[in-house]
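Colleague:
Right, here's the structure in full:
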């Protein structure tokens, strides 16, 4: 039964309360179990029946003493060093006393303090990962896939360790020419959900013991004091300067601070690693419009929020409007940023004589793709702000208010398939058609996850979902091909579990592309009815069977007359069935209607072959020069 | 100035009224003319100036006599033989006295009498087409393209002419083996708008005079009595039985009665010929959900409606909901029809012993694609209704209420590009994704026509529209490719002016396909700023330059392992500029910003080449067998 307690608690209630005669109640409970779980298979029914019986066997009366005898004190809800707002407002909500808060304590403009999940040590994991520095190859995979940002890496000079506690783990960095530089992988034990994805993804295995890896799940220790001391030490170490980080590899990206941490998403969530990656890559330049769905819940939860700030106190700006208007909402962020930037540019030109001809030209023409270029522009803006103080012109003050817009913003529209394929599809289509520089991340679970598993247009053929109880009869909408039909939209389909390096490349290309970009990110989900620890392996199978072909379509390369369509995976190596058999959403129908299940699986397989052929034909084309000059040359 | 009178009337008003001093007023009018029409070119300004001057020269006082001296009586608004509702309600509205009608005269359930445009003889044309039976090759093209259904053809036995008036025109039928059968082409002079499309499309030219065709525009005669007599005679002749008509050719289709006639659309409208064709092909089986737009205005206008009935008093059912929900609205028609048919089928099976085993099997399994099959099923349903009277079972009465649903309904969702590409795009996408048997006809004018020329996602690159005053910077959305990406949607792109035969084929294939179908129909429009008489020639140029490639994508042929994608036109033979130069929407920008105009036209040309290559590669593929058996054979 795992963590499921509803059957147990229900049995206790009816056994004690006397609402119904005990035997009658138990009989009714078992009838309800058969009705509710029957279609999930006999094994599930049996387990529930057993849970009922064992509950009754183990039901004992507990006597509550009349006086308090314990000498232990309840710890503070949040530590004393937490910010005032967290201590006075957030902690009240965490303690379940939110109703006692006066309205006057709420932020008046709706802006909500971010980075507060760190104060809510949920301690929900029974087992947590433990790092083995000697085995570790420092590849960064565990950190990359962690859905809750609880595995972080830093590099630092050996000298920094003088004050480190004994329990602090580190190893020499696995790179040449850096003597004295050490590497540390820190696990935030109290924030970990114990999902185990990190262990699944770890490629480093002990030579002596095949199942022992460089990171392994172990029972969480009773005393967390050493862990806390270790984390405190780790937190004091600075993150590597962003300009020194290799953004192009998973190995490099582990050194970027996540500005999205400890979200309230499910253990093993398939969505949050992508969201965290956004926060790492684009940091405080990131502006997110979030559609309603899981990501708006774990992203904008009360009492705490996972969107966080860097050491300078800056972080991504995030907001959620409605389910149906997120694309339009985020498009507004883009328009506003562009408008403010245009104003800044205009004022810069007007004040060019006072500010310096060359300096203004540099500010106006700065390339801002690489992190070093962004950094250089930030520094120019700081200089600009200083110089503006000495300019005796009322326009100087106005320019000061919009100067920050000269640093390129990274606008992202984030949501699930329920938003992108269905409810917000017209808005999404409209924004993609605009040609403007917005980036769209679709966390594609192929079903309405947050609202309870309803079919969306992303739900695959043959899968069972609410409103598709007999298995979905039509194929999944190919949103990638729809977007590609515009010709000027960057489109990628990624699956972190199949190819994290391709995921990383797509995120960076999408953001660098000066037009609309769309990333469809395969997100395994509890709604699939899978062992969540196997989530990343299922992602790989989805790609291997051809259900989820990895692609990138980059209109930019057309300028060099290359084919914009790239297929980033090989021909299917397994059947659709080999993938589908691991997921309850496909297996369910076998129980209720095996013939129909076989028929639909067969159709799904045909559909995969057909689509694969389309994709392959697109990928093998040559590029061509469609400019007038190019045509005349031919 | 053509039919434009605003400048003239305005000049009269200010010259007489004394609101401003006369000279001052005229000066202001001319300023306003320059401001309003300046961007349309110096020629337009000059013509308006001249209109002002000539108005002043010809302004005379008219003296109104104190007593009525005329002996002429005003004719009745509608003739005495019109139905009661038309005489008592419609005619009141036509006479501008609608406010005097009591609410009790309105239909209580919102169902509105159809086929009433025929009572509103608008007589707006100055010139009307005149038929030359000797030159005519009876091809049916003029009738096919007529936007107002004012050109109709019938064939009949010579003996029917005994009572015909002298003015009635006819010719021997241009077909072998039919002695004594005559052909007549009737022009409804009082309903004609004088657009001249029929003359443009007529392929039969006099050998002695190259500009003289088998149909020619002539000044409308003062007396219409002979015309009326001729029409009255023509109306008495029966239409050819639908089962005897050759549905597969334009020549054949002219003999189908249009159940959409004399709409209030613009003279030369590019949309209505498609709507009329729907009404001819699918007759009284047609159910139309109409999106808001031009087609909902001319389709559901008050006081009169162009949707009409056949001699049996049956016609298409038509309704308009909102702009944003038309696909969903029409989808409901499909669901309702399917549900009623299922009920009928179930009752048929239950009553099979009483009704006859074979008879019921025939009713249930009837193919209903060809008109002869539809007719056979209709006859079976009539027999069924008779037999039901003798069945002593309460289910017989229930079956009677749904028996008509055993004849296949033809459900169409009709609207413009503003609906299909923009405002209703999510609903349309949803319905296409459903896999259900609905047919979508998009009357694509590439702009919001009815609301005054605003840009839609269908507006082409380089065209000027409201919200794209500087020319549209992004390419037209390729809705065809978006729909094709589903794999199970029938998709066609047609242009009646370029290939009427392909249009006809697509309409019939779409309707026969047992799944969602989408037809994008190029509709020239006054919003394009063209000489409307050249509308069909512009359609041909749109195809010839590659802007509007004619395609058909029929998933049905995949069953025989053929390529579903067919390109129905040849490689571009003219440049985009050669097409665009005929339309003000493209020329406008040349006046205001010639450099940008050239740039955008160049981009549009590149875009055409690029898309053409995509289309061609899709078209040259072979088919493939994607079933398991097929794969095993390979």
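Chains as they are written, first to last, in the numbering used here: chain A, 28 to 661; chain G, 28 to 661. From the three backbone atoms N, C-alpha and C, an ideal C-beta is built for every residue, glycine too.
1) Less than 8 Å between CB atoms is the rule here; does residue 82 of chain G satisfy it with respect to chain A?
2) Counting only C-beta atoms, is residue 431 of chain G closer than 8 Å to chain A at any point?
3) So the candidates are A:576, A:614, A:528, A:555; which of them puts its Cα closest to the Cα of residue 274 of chain A?
4) Is it true that the CB of residue 227 of chain G sits closer than 8 Å to the CB of residue 179 of chain G?
5) Determine the closest residue to residue 521 of chain A out of A:190, A:317, A:549, A:291, with distance taken between C-alpha atoms.
6) Which of the three DSSP states, helix, strand or coil, is assigned to residue 666 of chain A?
7) Grab the span of the beta strand (DSSP E) containing residue 158 of chain G for me, first residue to last.
8) Which residues share a DSSP beta bridge with residue 244 of chain A?
9) Is any beta-carbon of chain A found at less than 8 Å from that of residue 332 of chain G?
10) Can you tell me where the beta strand (DSSP E) holding residue 345 of chain G begins and where it ends?
11) Among residues of its own chain, excluding the 5 on either side of residue 425 of chain A, which ones have a beta-carbon nearer than 7 Å to its beta-carbon?
12) Using a beta-carbon distance cut-off of less than 8 Å, what residues from the region 494-517 of chain G approach chain A?
13) What residues in the region 616-645 of chain G bring their beta carbon closer than 8 Å to a beta carbon of chain A?
14) Counting only beta-carbon separations shorter than 8 Å, does residue 544 of chain A have a partner in chain G?
15) Kindly indicate which three-state DSSP category residue 253 of chain A falls into: helix, strand or coil?
16) Counting only runs of 4+ residues fully inside the region 164-202 of chain A, write out the alpha helix (DSSP H) ranges in chain order.
17) Which same chain residues end up closer than 6 Å to residue 303 of chain G when comparing Cβ atoms and leaving out the 5 residues on each side of it in sequence?
18) Who are the Cβ neighbours of residue 524 of chain G in its own chain at under 6 Å, not counting the five residues just before and after it?
19) Which residues of chain G have a Cβ atom closer than 7 Å to the Cβ of residue 653 of chain A, listed in chain order?
20) Ordered along the chain, which non-local residues of its own chain (more than five positions away) have a Cβ less than 8 Å from that of residue 383 of chain A?
21) Taking the alpha carbon of residue 295 of chain A as the point to measure from, which residue in A:371, A:342, A:174 has its own alpha carbon closest?
22) Can you pull the chain G residues whose beta carbon is under 8 Å from the beta carbon of residue 484 of chain A, in chain order?
23) Assuming residue 394 of chain A contacts residue 472 of chain A (C-beta within less than 8 Å), just tell me the rounded distance between them.
24) With distances taken from CA atoms, which of A:172, A:169, A:199, A:309 is nearest residue 182 of chain A?
25) Residue 116 of chain G and residue 128 of chain G look like a contact to me (Cβ under 8 Å); what is the Cβ gap, rounded to whole Å?
26) As a quick exercise: from A:571, A:401, A:120, A:56, pick the residue whose alpha carbon is nearest that of residue 599 of chain A.
27) If you draw a straight line from the C-alpha of residue 169 of chain A to the C-alpha of residue 263 of chain A, how long is it?
28) When you compare only the Cα positions, how much space is there between residue 596 of chain A and residue 537 of chain A?
29) So residue 656 of chain G contacts chain A; which residues on that side make the cut at Cβ distance below 8 Å?
30) Note the first and the last residue of the continuous alpha helix (DSSP H) segment covering residue 399 of chain A.
31) Is the CB-CB distance between residue 470 of chain A and residue 606 of chain A below 8 Å?
32) Between the alpha carbons of residue 662 of chain G and residue 81 of chain G, how many angstroms are there, rounded?
33) Where does residue 279 of chain G sit, in a helix, a strand or coil, going by DSSP?
34) Is there a Cβ of chain A sitting closer than 8 Å to that of residue 453 of chain G, yes or no?
35) Give the range of the beta strand (DSSP E) segment to which residue 135 of chain G is assigned.
36) Examine chain A for any beta-carbon lying closer than 8 Å to the beta-carbon of residue 648 of chain G, and answer yes or no.
Modeller: On the basis of the coordinates in this document:
1) no
2) no
3) A:528
4) no
5) A:549
6) Nothing about residue 666 of chain A can be read from this structure; chain A reaches only from 28 to 661.
7) 154-158
8) A:156
9) no
10) 344-347
11) 374
12) 500, 501, 502, 504, 505, 508, 509, 512, 513, 514, 515
13) 629, 632, 633, 634, 636, 637, 638, 640, 644
14) no
15) helix
16) 168-172
17) 176, 285, 287
18) 563, 566, 567
19) 633, 636, 637
20) 414
21) A:174
22) 456, 457, 460
23) With 8 Å as the limit, residue 394 of chain A and residue 472 of chain A do not qualify as a contact, their Cβ atoms being about 37 Å apart.
24) A:199
25) 6 Å
26) A:571
27) 22 Å
28) 19 Å
29) Simply none; closest approach about 10 Å.
30) 398-416
31) no
32) In the structure displayed, chain G extends from 28 to 661; residue 662 of chain G sits before or after that span and is not available.
33) helix
34) yes
35) Residue 135 of chain G -> no beta strand (DSSP E), and no H or E assigned at all.
36) yes
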